[in-house]
Amino acid sequence: MEDQPPPKRIKKSHHVNQPPDYCHCERCKGEVIQEARIIADHARKYPRRQSPPPREVQPEHEALGDQVNLPRQQSHLPLSPVHSPPPSIADQDRTPEPPDNRDPVPPPGSPDRNVGGRDQQGDRADVDAERENDVVRRNQDWDEDEELPDWEPDANWFDHPERQEDEDDLLGRLRELDQQDPVDPDEDGYDEDFGLPNGGDEGPPAREIPEFQMPVEEPPEPEDPPDDIDINERYAAFREHQLLRNAYVDALVQKLRYGATHSAIAHQLRSAKRTISTHPDVPHDDVERMAQTIRTVERRLGVDTDTIIKTYTLCPKCGRRYSPEYIEDSDSAECLNNDCDGILYISRLLNSGSRRRVPNRTYPIASPTAWLQHMLRLPGISELLRSEQDEDQANVHAEPITYDEWRENREPNAPLNDIRNGWGWDAEEAGLERVEDPRTGAVRDQSQIGRPLRFSSLPFPVSLTMSTDWFQPTKEGNYSVGACYLAINNLPRHLRFLRENMCLAIVMPGPREPNSYALDQILEPLIDELLLLQQGVRMTIREGDPPVYREQYVHVHLTQHIADLIARIKMGGGAGLRSERHFCLYCHTRLSSLSVPDGFIREDFQFRDPEEELSNAYFWKSLETAEDRKVFSDFTGNRFTALHQLPGWYTCTCSPLDAMHLLYQGGMHWIVKQILYAPGMLNKCRREDDDPIERYNACLDQMWIPNSFSRRPPKLGQANTRVKADQWKLTSRVIMIPLYMAFRRGDDIPDDLVPRGTRSSTGAKQQTRRAKLLHRERQKHYNTIGQPNQCPPLEQAFSTRRLQFHYQQVLRFCLATGIIDKQAVSPEQIGFAVRMLENVATNYVRNNVPVSPNFHYMMHFEECILKYGSVYNFHVWAMERANGIISHINHNGRSNGMMEGTLMRGWWGYTTLRNLIDAYRAIRNPSPTDTVMIEDLLAALRSGTDHAQQQQTLMAYIAQCHTAYTRLHGIHEKIRLSNQSTVINLRNEGLYEAVLNFCIEKWPRAGIFGPGMPQRVHLPPKGFVRHHSYVEHNGIRYGGFYHTNGKGYCYGYIDGRQAVRIDRVLHIEFPGHPRLRGTCVLVRLFRHPPVEPRFPWNTWANHLGISTWLHDELEPVIAISANRLSGVFALFDIPRTDGRYWVTVALDSVSPEEDEEI
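Note that full-length UniProt numbering has the sequence shown beginning at 1, numbered continuously upward.
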């Protein structure tokens, strides 16, 4: 029987893990042992009558400078395995001469196998923590109604290493400052919900949610009648009557496009059978043999997935993998691993009397070779995979380039858009083989062809991106499955991550994530196939229209793995986020150094050596015992995974950052929750002040944004609820406005200190606990560097309460985020943005504001973007959308691989529609019904190339895909109007003169005229102009203020950043003159104030996309072309003493997350 899953981790109060202790309240007087929760409750109800007064500490004030223009510094990039500049770590021999025996040689500095993996410095830090906790337990109680002292940090403390203080004195200060609830040594200070009330601490513990199972299985499908049609023959339905075939297609579309269940489809087929049976032209025998289940329908239509998907068996105990052939032929159901009693399958007796072996746990895997062959036979794909540059270099055997060569030949202000623009595209080497030196144990990539050859110069190279993620496919229970996707980097970016162009390679079985051994077992078949593809596989390629097919060797290389941080660590063999030495995948920064500025100064980073990391991973694999492996992994931070078998793959250089989780769910989330809200930075400074939280939320309530943004930024007080990443992204664009409204007094943000609150307040407790955790981490850091006496005292661990400082930090973070998260960014811009993030992080730490490890990971954005292009080439938005698609596939909820197989078949059933479309197109004399069926299938597929082929515009579509415009915006049509429109009478609406002047200016030689001197073309007041609700330009919707369906989109920019209100969207068309047609937009310009008001964001207003306008004052209506529309914004109403203003914030890089189309 399979092991029961571990109980779900439940977020608890910080009291939960504390042992019972004596209660020192006025009632117990230190004589009664109570639980930690009771002690805290008694402290509130029965406080001690006398409390020692707090020690008076004079705050050291320092104003934060406004200077944020950092000096330009040299970009520091990580070490590349072959072609990058030398590392910052001193060169040394990593592989000493081996001893005479054949034991693997450990890398230098590896731990002794007979000694625990803990170092002396780590032990000393633990001793310090124990001493601190002992002092905490002996402290006395404070008066909880007393104000917490207004200590302000000395931001220059870290610039004066001569400051020293005796460690006993530090502990003495801690004795005076500590609360009666000491810091839990295991408390995670980097939890995003740290210190936030969740409303569940005082209640009973949450009940463990059981594994999700459907209580009643779906009724079995009806049996298909026996027939003489070979259902294993592809497209057998095309030998049946046309009405039967069309009924099959209708059932398939119901499943794939509308999500019909198997029972609903079975009913539809039965109903179709009854109807067709009355048709005189359909033979009775054919009707009797009609398919009655969707599985049979798929086989007869040729869209079954058996040729793509293979199902393996996993041991339910240890996770070892077994092929279906082994399960069929094995003599025993027991697992082959030693010390494992797992049972692989059970035998079931069928109604026929035979027995069938049913595996206890399975998982499906799709063949990447079959997927690529399928893709290359599709219309237009081979042309889309190769740009003009690739075609010119197809026969040029160039060598890989280095980063220095790429930088010398590239303009610093040239934008990096596609992945081809990064230096990594032409740095990949072909013909590599990963070999291990038997003498030294070093693992390196060696060329099999004698000389370096650039991978992109091969005749048909295909670069792949892998993405992995674990998610909940159901809304009930705690069942988690993993998905592994493949995408083709050669495709234009707007087509790369479409469902029909992606490969769902693996669905990993739940209910929980696999351990490292099981994960490698699951991945190995995929890795083995990628190794074969890397050497070259002969495939059939379709080219041109009409098509020409030819054989071609296709070489495949896995370029990058994109995922959230946890998945990157798991797939790449990292140590984990709580590892002191190896929390970072890219450099050797220690976790405790995040408590001081050193953890964020990039010029001091020691980047990981890819080859050394690879040798460590293989040495870890050579160790025989789990204890030895753990000791070695703790020391080096490396663990072998299946990905390490791929030549050219290195975890530290092939795992780019995930901007979505870092910048938004990491950075912006942390700033709002842990820096502003939880410690009470939005408390009142004076009793007579308005509540800052209410002012913040009121500003968000009155904010206008287009209706396409269905999710608004989260309000304060709702920060402990589930908030989507796109909401945090929108917050990062507009937060400076509501934060100004919350912080301001009069028209300006005062240089005041927000009171820390009483000691019993939630904010003060959070501040104190934060200070203790920060102080603990600093003690670890200074112990590590051998300078324990230089650790700042505890009162220098309390974060600053200055309003201006926190506001300026938010401005800097928003500025950097807006630069990084763009579809195209230059090396100069990304260098500036990362320096700004470095400034944000170091300023926070200097002022004792703790930040999460995400802020350190942000320091590595520059090397990722320079190698792979803009973050849009390695973001996870598309993968998250794919997870949503999988979650909406109907399944019966059964675990142990059955649900995973259903999800896999549901994904690939959608993709195999193209095979069915090709079969319909192959009919020699198609009927009108056949043409209609093709249109229905194309509507379900939503593929641009297939639609273009049907409309005989395939080559024009391909040419448009290669244009710079389409690659940047991801669309083919600049302007698209709403489907509904009405004829408008221009004279009755008072618009005739404006529209007439527009037509005359747009077509000056056409001779358009109105009342007066006749010319060639007359514009009547009614008949030639239609009123539309909206127009889409460059993929952005703009609506009319005077149209019910367009009012939610009625504000936007023209000509860059000129704000306007869009009154109407008109389409003009002169009958008989095909060239005289166009879209006219009637707008009213916002008015600039005569004197620019002084706002705190003025210095960076242009970079932040902020503009100020007179409130509700608009220019007269003018008619412009829709091509002048240039973006949308968020609109705020800001009252001041010197007037009332509209403030607009550009949403250039923010696009609303569309709901998943199923």
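All C-beta atoms in this analysis are idealised placements derived from N, C-alpha and C, irrespective of residue type, glycine included. In this text the structure is predicted, and so the values were computed from the model without any measurement.
Assigned secondary structure, residue i (DSSP; H/G/I helix, E/B strand, else coil)
i	result
ALA833	helix
TYR312	strand
SER852	coil
ALA1059	strand
GLN727	helix
PHE861	helix
VAL734	helix
ALA805	Checking the sequence shown, residue 805 turns out to be Phe, not Ala. Helix at PHE805.
ASP609	coil
ARG355	strand
CYS999	helix
ARG321	strand
ILE923	coil
Distance between residue j and residue i (C-alpha atoms, nearest Å)
i	j	result
PHE1009	VAL995	11 Å
CYS584	GLY424	21 Å
SER447	LEU533	16 Å
MET319	GLY482	For clarity, residue 319 is Gly in the given sequence; the question names Met instead. When rounded, the distance between both Cα atoms is 15 Å.
CYS503	GLN373	12 Å
ASN489	HIS661	22 Å
VAL287	ARG914	27 Å
ARG1016	VAL1083	28 Å
ARG500	ALA487	Reading off the sequence, residue 500 comes out as Glu, not Arg. Using only the alpha carbons, I get a separation of about 10 Å.
ALA43	ALA764	16 Å
PRO1014	HIS1067	23 Å
TYR992	CYS999	11 Å
PHE1132	MET703	5 Å
LEU523	THR982	57 Å
LYS974	ALA725	28 Å
ALA518	ASP748	59 Å
PRO359	LYS317	13 Å
ASN337	TYR322	12 Å
GLY544	LEU916	20 Å
DSSP beta-bridge partners of residue i
i	result
HIS1027	THR982 and LEU1066
ILE1118	VAL1083
GLU551	THR540
SER708	According to DSSP, which records beta bridges pairwise, SER708 is partnered with nothing at all.
GLU429	ARG454
GLY508	Note that residue 508 is Met in the sequence shown here, rather than Gly. According to DSSP, MET508 bridges with GLY482.
ILE975	HIS1033
Residue i vs residue j beta-carbon contact at 9 Å
i	j	result
ARG745	ASP691	no
ARG1064	HIS1111	no
LEU376	THR540	yes
LEU773	PRO850	yes
TRP728	TYR664	yes
residue 1191	LYS255	Summary: the structure shown does not reach residue 1191, with the chain confined to residues 1 through 1158, and so no result is reported for it.
CYS587	PHE605	yes
GLU611	ARG444	yes
ARG905	ILE309	yes
ARG1096	GLN808	Here residue 1096 turns out to be Pro, not Arg, going by the sequence shown. The answer is yes: Cβ separation under 9 Å.
TYR326	THR311	no
VAL876	ASP564	yes
ARG776	GLN767	no
Given 8 Å as the limit, is there contact between the region 435–442 and the region 349–361, that is, 3 or more CB pairs closer than that? no
Contact between the region 1137–1148 and the region 1096–1108 is defined here as three or more beta-carbon pairs at a separation below 8 Å; is this criterion met? Counting C-beta pairs with one atom in each stretch, the region 1137–1148 and the region 1096–1108 have three or more that are closer than 8 Å, which means they touch.
Is it the case that the region 862–873 contacts the region 448–461, given that we only count it when at least three CB pairs across the two stretches are under 8 Å? Between the region 448–461 and the region 862–873, the count of Cβ pairs shorter than 8 Å is below three; the stretches do not touch.
Cβ contact check for the region 623–630 and the region 863–879: 3 or more pairs under 8 Å: Touching, no, given that fewer than three Cβ pairs across the two stretches are closer than 8 Å.
Would you call the region 567–584 and the region 549–557 in contact, with 3 or more CB pairs under 8 Å? no
Cβ contact (3+ pairs, closer than 8 Å) linking the region 339–349 and the region 276–296: no
Answer yes if the region 667–685 comes into contact with the region 794–809, meaning at least three C-beta pairs across the two stretches below 8 Å, and no otherwise. With a cut-off of 8 Å on Cβ pairs, the region 794–809 is in contact with the region 667–685, counting three or more such pairs.
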